[in-house]
Amino acid sequence: MTPQLAATAHSARPLWVERYNGGMPRLLIALGVLLVVAGLAWPLLMKFGFGRLPGDFRIERDGFTFYFPLTSGLIVSALISLVLWLLRK
625 MTPQLAATAH SARPLWVERY NGGMPRLLIA LGVLLVVAGL AWPLLMKFGF GRLPGDFRIE
685 RDGFTFYFPL TSGLIVSALI SLVLWLLRK
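To convert, count from 1 in the sequence shown and add 624; that's the numbering used here.
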């Protein structure tokens, strides 16, 4: 392959492929570490009432339980956003 063809073939790749090439393993490792930390911290969080906060909806009927942790989900989302923001800085 001539250098001119190699340059043409290389430039045909989308820009996002060039920019984020190799970032997926780093992302997966970070998510894995986050899940391990969350799993280890779960018993401690349950002692403080996490999962039973005001705004966490639980509906129980005969043979049916519906649980929607709205407040807990918002707190987790805010914490993850804060951690990712701090990692980007």
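Even for Gly, the Cβ is constructed at its ideal location relative to N, Cα and C.
In the structure shown, proline 667 falls within a helical segment according to DSSP collapsed to helix, strand and coil. In the structure shown, proline 649 adopts helical secondary structure according to DSSP, grouped into three states.
Methionine 648 and aspartate 686 have their alpha carbons spaced roughly 45 angstroms apart.
Its Cα nearest to that of threonine 695, the residue Gly679 stands out among Gly679, Thr689 and Leu659. The Cβ-Cβ distance between isoleucine 699 and phenylalanine 690 does not fall below 8 angstroms.
For arginine 685, the enclosing beta strand (DSSP E) has its first and last residue at 680 to 685.
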